[in-house]
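Asker:
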Amino acid sequence: MSTATPRCERSFTSHNGYLAALASVLLVLGSLVALRGGPVGILLFLLMAATGIFIAPGLYMLQPNESAILTLFGKYIGTDRSEGLRWAFPLYRKRKLSVRARNFNAPTLKVNDKRGNPVEIGAAVVWRVRDTAQALFEVDDFERYVAVQGEAALRHLASQYAYDEGEDLPAGETTLRAGMDEVAHALRAELQARFDAAGVEVLDAKLTHLAYSPEIAQVMLRRQQAEAIISARSKIVHGAVSMVEAALKSLAEREIVELDAERKAAMVSNLLVVLCSDKEAQPIINAGTLYN
């Protein structure tokens, strides 16, 4: 099965519109003067007036970063990207098209991430028309095409990544929340692949909204809180053990007190309770010995 070759933009060189406007005015004025020359003058009047009037519709104005797509009876002639007052053959149909940067704010979508969890995701895309011929002739409505394909790319991207890290994921795997730069790069690449058919260039793409869906948000929040508590406790215990080890080593080196195994165990237990407790510890003075 053969596929049609995409129609690509062709450059069109227009003429100086100011000279064309001046020529049109002079021809019309000259025809009025020629009207006094009798039968020959009438013929010149008709010829010059018709030529001056015929030239006028060929004038058109282009702003910076604006183009004109020229067609003749349905046939694509070329694209004029000049600025200012321009002139082209009056029978050419001239359709203006902006090539400035535009924004597309994708609405917040409810999709499933790699784990299948429902998440809400949104993005902002900066794009512009790169090939005017493709934008007008290869798709029916290139602005609608950008909107539909942008949402489709965002849905597909979300399904390729997990929302957050977890034990079921390999170490270092990119996630939507932690790998924002990599996700943005992947989104831009996918958007560009989809927009190429319409002659559209993606300038930038970033996620603007990312959250769990309301039905699982509370559960996931408690999960994140539990993971944070476990991580904090692990660091506290590791630090407490290091401090107890340093204390015992310091007592032994300075020979402040000699501790047998039982006294060391009691001291370690007391220090760990003081250091690891999330509440203020109350000191208890032991006036006797461990054997009382």
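Residue 1 is where the sequence shown starts when you use full-length UniProt numbering, and the numbers rise one by one after that.
By construction, the Cβ of each residue, glycine as well, lies at the ideal position given by its N, Cα and C atoms.
In this text, all values refer to a predicted model and were calculated from it rather than measured experimentally.
Using the Cα positions of Ala189 and Cys8, report the straight-line distance between them to the nearest angstrom.
Answerer: Straight-line Cα distance between these residues: approximately 21 Å.
Asker: Please report how far the alpha carbon of Gly38 lies from the alpha carbon of Thr13, in whole angstroms.
Answerer: 41 Å
Asker: Note down the Cα distance separating Lys110 from Leu176, rounded to an integer number of angstroms.
Answerer: The alpha-carbon of Lys110 is positioned some 14 Å away from that of Leu176.
Asker: Specify the secondary structure class of Pro57 as computed by DSSP and reduced to three states.
Answerer: helix
Asker: Between which two residues does the beta strand (DSSP E) containing Ala124 stretch?
Answerer: 118-129
Asker: Hey, Ser67 and Leu91: beta-carbon distance below 8 Å or not?
Answerer: No, they are not a contact pair.
Asker: Please confirm whether Ile55 and Ala23 have their CB atoms less than 8 Å apart.
Answerer: Contact flag set, yes.
Asker: I need the straight-line Cα distance from Val125 to Thr108, nearest angstrom please.
Answerer: 13 Å
Asker: Can you give the Cα-Cα distance for Val146 and Asn105, rounded to whole angstroms?
Answerer: 11 Å
Asker: By the DSSP assignment, the beta strand (DSSP E) with Glu165 in it spans what residues?
Answerer: Run containing Glu165: none; DSSP gives neither H nor E here.
Asker: Starting from Thr132, follow the beta strand (DSSP E) in both directions and report where the run begins and ends.
Answerer: Thr132 -> not in any beta strand (DSSP E); alpha helix (DSSP H) instead, spanning 132-137.
Asker: Beta carbon of Ala162, beta carbon of Lys114: below 8 Å?
Answerer: Inclusion of Ala162 and Lys114 in the CB contact set at 8 Å is warranted, their separation being smaller than that value.
Asker: For Tyr291, collect the residues of the same chain with a Cβ closer than 7 Å to its Cβ; drop the 5 residues on either side in sequence, then sort them by chain order.
Answerer: With a pLDDT of 47 at Tyr291, under the threshold of 50, the predicted position of this residue should be treated as unreliable, though the coordinate-derived value follows. Closer than 7 Å at the Cβ level, and outside the excluded window around Tyr291, lies no residue.
Asker: Measure the C-alpha to C-alpha separation of Thr51 and Val28 and round it to an integer number of angstroms.
Answerer: 8 Å
Asker: Are the Cβ atoms of Leu62 and Gly84 separated by less than 8 Å?
Answerer: yes
Asker: Beta-carbon within less than 7 Å of Arg100's beta-carbon, same chain only, minus the 5 sequence neighbours each way: which residues are those?
Answerer: Asn65, Arg128
Asker: Mind checking whether Arg130 and Gly199 have CB atoms under 8 Å apart?
Answerer: Result yes, Cβ atoms of Arg130 and Gly199 sit closer than 8 Å.
Asker: Just grab the DSSP bridge partners of Val111 for me.
Answerer: Val119
Asker: For Arg102, which of Asp204, Gly122, Ala246 has the nearest alpha-carbon?
Answerer: Asp204
Asker: Select from Leu154, His156, Arg95 the residue whose C-alpha is nearest the C-alpha of Phe137.
Answerer: Arg95
Asker: With respect to the beta strand (DSSP E) encompassing Arg95, which residues constitute its N-terminal and C-terminal limits?
Answerer: 93-98
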